[in-house]
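Below: one structure, written as structure tokens.
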Amino acid sequence: MLGKSNNIKKFLIGQESTDESARLQFDKGRLFFMTPQLLMNKMKLDEKFPVPISTFSMLVLDECHHVHGKTPYNDIMATYRKAKNDSQEMKLPQIVGLTASPGTNKAKDESSAKEHLMKVMTTMDVIHLSTVRKHKENLQEHTSEAEQVVLQMKVRKRNPIQDKLESSISYVERKFNSEKVQKFLDINMQDIHEVKQSLQNTPVQKMEQTYIQWITETRLKVENVLNKDEFVPRLLLTYLRHLEIYAECLEMNSLLDKQAVVDLITAKSSDESIQSQNANTIEERDILKYLEDVCTFMCSLDPQQVECNPDVQEIIHWLQREYEKQGDNSRFFIFVKTRATAKALAKQLEYLKNLSCQYFTGSQVGLEDGGLTKHKQLEVLNKFKSGVHKCLVATAVASEGIDIPECNMMIRYRFTANEITSCQMRGRIRTAGGKEVIIGSEKENLRETINVERMVLMERAVDAVLAMTEHEIREKINKSEQLLFQSEEVERKKALESSKNKVVAKFKVNCRKCSKDIVEGHNLRILKGSLHVVFDNSIFGRITRKPIKHIVTEDIKLTDKVFGECGHEWGHINVYNDCELVVLAQKYIKVYNVAKQVPINIKKWKDVPYKIESVDNDDILAFRASQLPTPE
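Just so you know, we're using full-length UniProt numbering here: the sequence shown kicks off at 1 and counts up by one.
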């Protein structure tokens, strides 16, 4: 009916729309489709043309199990709650939430599961819970339950790649005991003592997540002592990067075959060569040479020496078996944990010509890092629907919001899921007689058993809420909503106080990996509330660029990766209003208090305790003008 009316228009609020054009669309349109984050961006009070929540008569939140914590969904509802409490007369939208599974929040009993469900309803201010009950038989005529097959991963009998990687880790770890390193670690300072303790307690199991966590925590401790010595901290960070490379390759080897590991270590070795081009110690050059030798060893391994990964062979078996049954009607999803695995597995399955496998990942990173642009995602999905691609190897980004009616098999490979993700992934299977194949370790497969138990608790929780009267539900939600609003008010006041308490002080931003100076604090600016920009033209003479596939978000275009003169990555080049800007990435930098000569540990830019000026369009125009050559 909506499409037939000339007075009602549908608008897609695109990522490239400006504040003003978006507001015009809201003024003219009646039906809008957008992500929660885009909507939240348009409702922010610091926008030039903020859109009040009272603009809407109804908000339909798909995948509403995300309405919790610090998510865009809950940010929207927090805005709703504030508007509701600020003005009793304000006309607010009706909230409708859709989900296949509200989850249980790790509930162990029915009471806890019910409490979680009531919390989800509270955050959306809804009192009616709707699920098919009266016409279940009719629903079952249009849906089917996929057959689930759970398989335990297998282990190779011969594994020379694993042996080499484990010996390489041992080699690097022994470097921590060198005379130069030990002499530095023996300095009587608390920060250095913490580094020493961490290096003396390396986890035994190198293939567990605890090892990667240890690397991350130790790296942070080393970064805090970068200014204590010119050479050793940088050397330690190099060692930790190499340990991380070998650990990542170990994981890839456990998941896929030789070529995937060779491709990964070759790429990592190339990146490390760039980062170490200014290596200032023999030790740093030696460890790079060792990595290059390991890379050469991997490439030269005789295929006959390396046993194929039995789990990959199992995947291939299922793909071929189901394709024989389904033919060109085949549509298969394979879910894996990381972008690197998705890309590598899709490449390994290329020889299955009938399937034309393709990877499907998120758009948060560029193509060179395994990401896909929004345009490319749509292209891949359309080709999957039409049958050009019959198999997609995807990360969790494909578990929600994708409807492929022809999908008849989903394989979950070494992917630990909670009950919601498990349900969402299973929901990709739409055809009768579909199959869900889960391949995992004993621990991973035990998690799936727990998921099934939690789904039962969730169903019982739904029944328990449906048994409540509307008055009981409303009374409980009203009380809970007030408590929730009060806690949010406290958080808002804290955030306001934090912004007011930011001090004017002399600080600088340095490279996280080597402590190279990047910019003085007074030359740092904030653009559009979150982008931290170097407002000093000399930066362009101290960086090198690596072009990437252009990514456009709203009115900003990201064009290049930025590397400092030290060889380490610092951020990106963003183009805004035709002006090139160096935007620093928090994960690559370290903030220092100049007066005290101490680092300031921050998890996000907003945690910086110092005042940083914001810039508007006029400031950007002036900065762009300063970049232009002076007429003779």
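For each residue, glycine too, the CB sits at the ideal point set by N, CA and C. Here the structure is a predicted model, which is why all the values come from computation and not from measurement.
Status (buried if at least 16 other CB within 10 Å, exposed otherwise) for residue i
i       : result
Pro-293 : In the sequence on display, residue 293 carries Asp and not Pro. Exposed is the call here.
Pro-599 : buried
His-142 : exposed
Gln-148 : exposed
Gly-69  : exposed
Ser-626 : exposed
Lys-325 : exposed
Ile-282 : exposed
Arg-285 : exposed
Phe-623 : buried
Glu-613 : exposed
Glu-442 : exposed
Val-204 : exposed
Asp-618 : exposed
Ser-399 : buried
Asp-616 : exposed
Leu-185 : buried
Ser-296 : Per the sequence shown, the amino acid found at residue 296 is Thr instead of Ser. Its Cβ having fewer than 16 others within 10 Å, Thr-296 is exposed.
Leu-310 : The question names Leu, yet the displayed sequence has Pro at residue 310. Label assigned to Pro-310: exposed.
Leu-12  : Annotation note: pLDDT 48 at Leu-12 (below 50); position unreliable, coordinate value reported separately. Leu-12 is exposed by the Cβ-count criterion.
Pro-36  : buried
Glu-472 : exposed
Check whether residue i and residue j have beta carbons under 8 Å apart
i       : j       : result
Leu-250 : Lys-206 : yes
Ile-287 : Glu-244 : no
Arg-234 : Leu-484 : no
Ser-330 : Asn-382 : no
Cys-64  : Met-153 : no
Tyr-413 : Val-490 : no
Leu-621 : Tyr-576 : no
Phe-333 : Leu-319 : no
Val-96  : Met-58  : yes
Val-195 : Lys-221 : yes
Ile-589 : Phe-563 : no
Tyr-290 : Ala-247 : no
Met-40  : Pro-50  : no
Ala-78  : Ile-53  : no
Lys-114 : Val-380 : no
Asn-253 : Ile-161 : yes
Lys-561 : Ile-548 : yes
Ser-198 : Glu-223 : no
Val-503 : Leu-581 : no
Cβ distance (whole Å) where residue i is taken to contact residue j below 8 Å
i       : j       : result
Thr-373 : Ser-363 : 6 Å
Leu-256 : Leu-139 : That pair is no contact at about 40 Å.
Thr-559 : Ile-539 : Rounded, the Cβ-Cβ distance is 15 Å, inconsistent with contact.
Cys-579 : Lys-516 : Contact flag wrong, Cβ pair sits at about 25 Å.
Gly-434 : Ala-100 : Not confirmed; about 15 Å, so no contact.
Asp-62  : Leu-98  : 5 Å
Asp-236 : Val-181 : Strictly speaking, residue 236 in this sequence is Leu, with Asp absent from that position. Yes, Leu-236 and Val-181 are in contact; Cβ-Cβ is about 7 Å, under 8 Å.
Gly-371 : Arg-339 : 7 Å
Glu-444 : Thr-416 : 5 Å
Residue-level contact to chain E via CB, residue i, 8 Å cutoff
i       : result
Lys-347 : Absent here is chain E; the protein component of the structure consists of one chain.
Nearest residue (CA-CA) to residue i, options the options
i       : options                               : result
Gln-25  : Gln-305, Thr-469, Pro-36 and Thr-55   : Thr-55
Leu-129 : Glu-110, Ala-107 and Pro-102          : Pro-102
Glu-173 : Arg-156, Ile-161, Gln-200 and Lys-183 : Gln-200
His-568 : Asp-555, Lys-557, Lys-28 and Leu-584  : Leu-584
Leu-352 : Ser-269, Phe-535 and Ile-315          : Ile-315
Glu-406 : Thr-266, Asn-501, Ser-270 and Phe-384 : Phe-384
Tyr-239 : Ser-178, Ala-464, Ser-254 and Lys-494 : Ser-178
Asp-403 : Leu-378, Glu-419 and Asn-418          : Leu-378
Gln-305 : Lys-258, Lys-557, Pro-72 and Gln-275  : Lys-258
Ile-192 : Gln-275, Val-232 and Ser-270          : Val-232
Pro-93  : Asn-85, Pro-72, Thr-104 and Val-60    : Val-60
Thr-431 : Asn-105, Leu-117, Glu-137 and Ser-144 : Ser-144
Pro-72  : Ser-87, Asp-109, Lys-91 and Met-34    : Met-34
Glu-436 : Leu-446, Met-410, Ser-300 and Glu-448 : Met-410
Asp-271 : Lys-546, Glu-481 and Asp-229          : Lys-546
### Query
Are three or more beta carbon pairs between the segment 505-521 and the segment 575-595 nearer than 8 Å?
yes
### Query
Are at least three pairs of beta-carbons, each pair with one atom in the segment 350-366 and one in the segment 379-394, less than 8 Å apart?
yes
### the segment 425-442 in contact with the segment 459-478 per 3-pair CB rule at 8 Å
no
### Task
Flag this pair as touching only if the segment 154-174 and the segment 446-453 have three or more C-beta atom pairs under 8 Å; answer yes or no.
no
### Message
Under 8 Å, with one C-beta from each stretch per pair, do the segment 253-269 and the segment 127-138 reach the 3-pair mark?
### Response
no
### Query
At a cut of 8 Å, does the segment 465-477 reach the segment 110-129 through at least three beta carbon pairs?
yes
### Task
Would you check if the segment 495-511 and the segment 601-616 touch, i.e. whether three or more CB-CB distances between them fall below 8 Å?
yes
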